[in-house]
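> One structure follows; several queries about it will come next.
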Amino acid sequence: MKTGLADILKGKFLVSDGAFNHWVFIVFCALLAIIMIASSHSAERKVYQVAELNQQLKELRSEFVDTRKTVMQKKMESNVAKKMEKRSIGLSDKRPYKITIK
320 MKTGLADILK
330 GKFLVSDGAF
340 NHWVFIVFCA
350 LLAIIMIASS
360 HSAERKVYQV
370 AELNQQLKEL
380 RSEFVDTRKT
390 VMQKKMESNV
400 AKKMEKRSIG
410 LSDKRPYKIT
420 IK
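Residue numbers (the numbering used here): 320 to 421.
This is the structure:
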């Protein structure tokens with residue numbers, strides 16, 4: 320047991336007769352580790368992209384609500400009347416009537 324552990328710690332299993340099989344396994348494990356690290360970085364990058372897109376979505380929703388409020392204020396009858404008063408166009412005294420076609 321002591322000699323086996325000492326041989327592993329000294330690295331004798333890498334230079335012995337059957338070392339090629341050990342090297343293949345080590346290269347395979349290193350390749351898997353590289354793939355795992357790359358996958359982790361890719362997932363983290365996507366998480367940041369999603370967070371950034373959510374922030375942009377909040378900003379665009381806020382801008383939409385603000386624009387909608389502005390449009391609603393501009394098309395209110397009182398605001399339209401004020402603007403038309405500047406052009407010497409006033410509100411009609413007559414009520415609108417319905418036109419029916421037979």
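Here a beta-carbon is modelled for each residue, glycine too, at the ideal position from N, C-alpha and C.
Since this is a predicted model, take the numbers as computed values, not measurements.
So, helix, strand or coil for residue 408, using DSSP?
Three-state DSSP puts residue 408 in coil, outside helix and strand.
> So the alpha helix (DSSP H) residue 346 belongs to, where does it begin and stop?
Per DSSP, residue 346 belongs to the alpha helix (DSSP H) from 338 to 393.
> My output table needs one value for residue 418: the three-state DSSP class, helix, strand or coil.
In this structure, residue 418 counts as coil in the three-state DSSP scheme.
> Whole angstroms are fine: how far does the CA of residue 360 sit from the CA of residue 395?
Roughly 53 Å separates the two Cα atoms.
> By how many angstroms is the C-alpha of residue 380 removed from the C-alpha of residue 419?
Roughly 43 Å between the two C-alpha positions.
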